[in-house]
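Visitor:
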Ligand SMILES: CC(C)(COP(=O)(O)OP(=O)(O)OC[C@H]1O[C@@H](n2cnc3c(N)ncnc32)[C@H](O)[C@@H]1OP(=O)(O)O)[C@@H](O)C(=O)NCCC(=O)NCCS
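Residue numbers (my numbering): 508 to 707.
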């Protein structure tokens, strides 16, 4: 059974059979830093360059505060993934970012799971919950997710979740020391309804 809870002032807690997703809190900062330190080499080929400060508690203490603010301002929803049986440890993230409203109602999706937790369907479960939140509660219409052409694992995951290839962008993101081409994919919400209290 999958449940999600949100209201304009309440932060989401998404629960699937095996994972829980929520915004980062001050108490999570040590686990977040451990997660990124342990997976530094794992994420290097797909992530933008990270300054040394990225791996410090001071950086994440500020980042979780900013993320909460952005969530309440309808600008993003940065979620950390936890295993239900070990609720404090962070095993991954699913970030809905750069919300654009107006006639677009779109966002980007970024995600990653720790090397030790790959290949078990946990990321698929986590992204499924994030999609549900984005479409049903946040009333977004389009989620865009882009991957390196060589990232076959990510391509398979997105396909399985229903994302459709929309294009190919050359020299799209600066990743691992160079401008890299990306495959552009998106998922749209067939049952979109305008956000509560918004004209559209
Ligand atoms: C891309 C990434 C998130 C994919 O993670 P993943 O663990 O392969 O994804 P899933 O959670 O969906 O796991 C799916 C695999 O687990 C297997 N699996 C095992 N049990 C499963 C279950 N109960 N349900 C679903 N899949 C299950 C599936 O067979 C599947 O393998 P397949 O794709 O070879 O068929 C991960 O490799 C990663 O974080 N990479 C580094 C960062 C990155 O690339 N981010 C994305 C940038 S675009």
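For each residue, glycine too, the CB sits at the ideal point set by N, CA and C.
1. Taking Cβ positions, are residue 568 and residue 586 nearer each other than 8 Å?
2. Taking just the CA atoms, how far does residue 661 sit from residue 626?
3. Which residue from 699, 544 and 551 puts its Cα closest to that of residue 685?
4. Can you give the beta carbon distance from residue 692 to residue 672, rounded, assuming they're within the 8 Å contact cut?
5. Rounded to the nearest angstrom, how far is the Cβ of residue 611 from that of residue 582, given a contact under 8 Å?
6. Determine, using beta carbons only, whether residue 563 and residue 597 come nearer to each other than 8 Å.
7. For residue 620, verify whether its CB is less than 7 Å away from any heavy atom of ligand 1.
8. Can you tell which of 553, 642 and 559 has the C-alpha that lies nearest to the C-alpha of residue 689?
9. Is the closest heavy atom of ligand 1 to the C-beta of residue 642 under 7 Å?
Guide: Quick look at the numbers:
1. The answer is no: Cβ separation not under 8 Å.
2. 11 Å
3. 551
4. 5 Å
5. At roughly 14 Å, the Cβ-Cβ gap does not stay under 8 Å, so residue 611 and residue 582 are not in contact.
6. no
7. yes
8. Nearest option by C-alpha distance: 553.
9. no
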